[in-house]
Amino acid sequence: GAGVSQSPSNKVTEKGKDVELRCDPISGHTALYWYRQRLGQGLEFLIYFQGNSAPDKSGLPSDRFSAERTGESVSTLTIQRTQQEDSAVYLCASSLGQGTISYNEQFFGPGTRLTVL
Amino acid sequence: GQQVMQIPQYQHVQEGEDFTTYCNSSTTLSNIQWYKQRPGGHPVFLIQLVKSGEVKKQKRLTFQFGEAKKNSSLHITATQTTDVGTYFCAGRNAGRDDKIIFGKGTRLHILP
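Order-wise, the sequence lines are chains A and B.
For what it's worth, our numbering labels the leading residue of the first sequence as 12, then goes sequentially.
For what it's worth, our numbering labels the leading residue of the second sequence as 4, then goes sequentially.
Shown next, in the form of structure tokens:
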């Protein structure tokens with residue numbers, strides 16, 4: 012498929028465990044975003060990757076959260092020592108990114124629903 | 004830092020009534036995008052506005068970008084049950100990096 016994919020679709024973990032969430036952006040998209048969406052709430056920006064530039068980590072809620080991206084491809088979001096308040100849907104989005112014309116639609120993946128017991 | 008505020012947070016309307024959601028930025032935007040998220044789904048792009056004062060229409064949806072490029076609105080005429088969902092605006096700072104900031108969204112509920 013040509014869309015953004017995320018895995019796993021659902022993750023249930025115990026408090027204190029680490030989790031790793033994966034995002035496969037659309038091929039050729041240089042910009043990649045991670046968002047958190049709690050039930051019934053809006054999109055909370057977490058981190059933004061643009062090409063080879065240093066990522067914008069200003070939205071990460073604590074040092075338990077980190078993310079990496081390999082070049083302009085796969086990204087992983089890692090949450091260490093998970094807490095119950097981390098329970099949410101984690102959405103990834105990609106776009107053509109900087110240097111392109113102003114039309115810069117974000118394509119969202121289906122999300123990973125994380126439940127911390 | 005840049006903030007994008009959206010009002011109202013929730014809106015209940017009778018089917019057939021009109022609906023409007025407003026988006027305001029603390030800084031001048033280079034462009035603004037609107038997304039719709041159906042219940043249980045992920046956000047889907049609706050439109051992008053770039054020019055000052057721009058107005059675009061998609062069937063019953065009318066999108067406006069303010070003259071100062073700091074605010075925007077989405078108006079739905081004669082709502083239908085298929086319009087149910089949360090509408091998000093997302094703005095990009097003028098002259099800054101490519102980061103797009105989302106508003107909190109307006110959740111629209113249609114009463115039959």
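Glycine residues also receive a C-beta, built at the ideal position from the N, C-alpha and C atoms.
Remember, it's a predicted structure, so these values are computed and weren't measured experimentally.
Is the beta carbon of A42 (chain A) closer than 7 Å to that of Q61 (chain A)? yes
Measuring straight from C-alpha to C-alpha, what distance separates K54 (chain B) and S77 (chain A)? 36 Å
Identify the continuous beta strand (DSSP E) that holds I103 (chain B) and give its terminal residues. I103 to F105
Whole-angstrom distance between D35 (chain A) and I58 (chain A), CA atom to CA atom: 15 Å
Considering just the uninterrupted stretch of the beta strand (DSSP E) at D35 (chain A), what are its terminal residues? V30 to D35
C-alpha distance - S113 (chain A) paired with G69 (chain B), whole-angstrom precision: At S113 (chain A), the pLDDT of 49 sits below 50, so the modelled position is not reliable and the matter cannot be decided from this model.
Tell me the DSSP bridge mates of K39 (chain B)? B:V47 and B:Y90
According to DSSP, is T93 (chain A) part of a helix, a strand, or is it coil? coil
Would you decide whether L102 (chain A) is buried or exposed? Buried here means 16 or more other CB atoms lie within 10 Å of its CB. buried
On the three-state DSSP scale, how would you describe T41 (chain A)? coil
C-beta neighbour in chain B for D97 (chain A), strict 7 Å: no
Residues in its own chain within less than 6 Å of F105 (chain B) by CB, not counting five upstream and five downstream? F91 and A93
Whole-angstrom distance between W45 (chain A) and S64 (chain A), CA atom to CA atom: 16 Å
Could you give the distance in angstroms between the alpha-carbon of F118 (chain A) and the alpha-carbon of T85 (chain B)? 21 Å
Comparing C-alpha positions only, which one of A:Q95, A:V100, A:S105 and A:L107 sits nearest to T24 (chain A)? A:Q95
Which residues bound the beta strand (DSSP E) around K59 (chain B)? V58 to Q61
Take Q51 (chain B) and list the residues in its own chain whose beta-carbon comes closer than 6 Å to its own, dropping the five residues that flank it on each side. N34 and Q36
T89 (chain B) and H78 (chain B) - do their beta-carbons sit closer together than 7 Å? no
Closer than 7 Å by beta-carbon distance: list the chain B residues that pair up with F60 (chain A), in chain order. What F60 (chain A) touches in chain B: nothing, since even the nearest Cβ is about 10 Å away.
Against chain A, does K107 (chain B) count as a neighbour if the rule is that its beta carbon must be under 7 Å from one of theirs? yes
Out of B:Q67, B:L49 and B:G19, which has the shortest C-alpha to C-alpha gap to G56 (chain B)? B:Q67
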